[in-house]
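These notes concern the structure reproduced below.
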Amino acid sequence: MTTSFFADTCQTTPPLVSTNDFTETTPERESVKVVIYGSKKGVNNTILTLYKLGFAQVNEWSPLLPSSNPGEVMSILTRHILTT
Numbered sequence: 000m001t002t003s004f005f006a007d008t009c010q011t012t013p014p015l016v017s018t019n020d021f022t023e024t025t026p027e028r029e030s031v032k033v034v035i036y037g038s039k040k041g042v043n044n045t046i047l048t049l050y051k052l053g054f055a056q057v058n059e060w061s062p063l064l065p066s067s068n069p070g071e072v073m074s075i076l077t078r079h080i081l082t083t
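Quick note: the sequence shown uses numbering that gives the first Met the number 0, first residue 0, plus one each step.
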């Protein structure tokens, strides 16, 4: 099922995503965050799967951070997208 989800999101035009570490938001740029919650193994496996699918480099994700639930961690990916 994951494969069909990504197949539907393929673009034929250049992506409107910038991976520069530019934190200021301008009228043409917006910061968006992708967060994964789960066990250490689950979060790491998901990050690796998303890397294999070409979604993000492994080093673009934050280190594993504790979540508010015991035994659960999270990792955050921040992207800056063009809005124009």
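Just so you know, even glycine gets a beta-carbon here, dropped at the ideal spot from N, CA and C. Nothing here was measured: the structure is a model prediction, and the numbers come from that model.
Roughly how many angstroms separate the alpha carbons of residue i and residue j, rounded to a whole number?
i	j	result
L49	T83	26 Å
R28	P65	29 Å
D58	I80	According to the sequence provided, residue 58 is Asn. The question's Asp does not apply to it. C-alpha separation (whole angstroms): 19 Å.
CB-CB under 8 Å to residue i, same chain, minus the five flanking residues each way: which ones, in chain order?
i	result
T45	I35 and G37
V42	I35, Y36, L63, V72, M73 and S74
Counting only the same chain and skipping the five closest in sequence on each side, list residues whose C-beta sits under 6 Å from that of residue i.
i	result
A55	L49 and L76
W60	I46, S74 and L76
K32	I75 and T77
G70	none
Excluding sequence positions up to five away, which residues of its chain have a Cβ less than 7 Å from the Cβ of residue i?
i	result
K40	none
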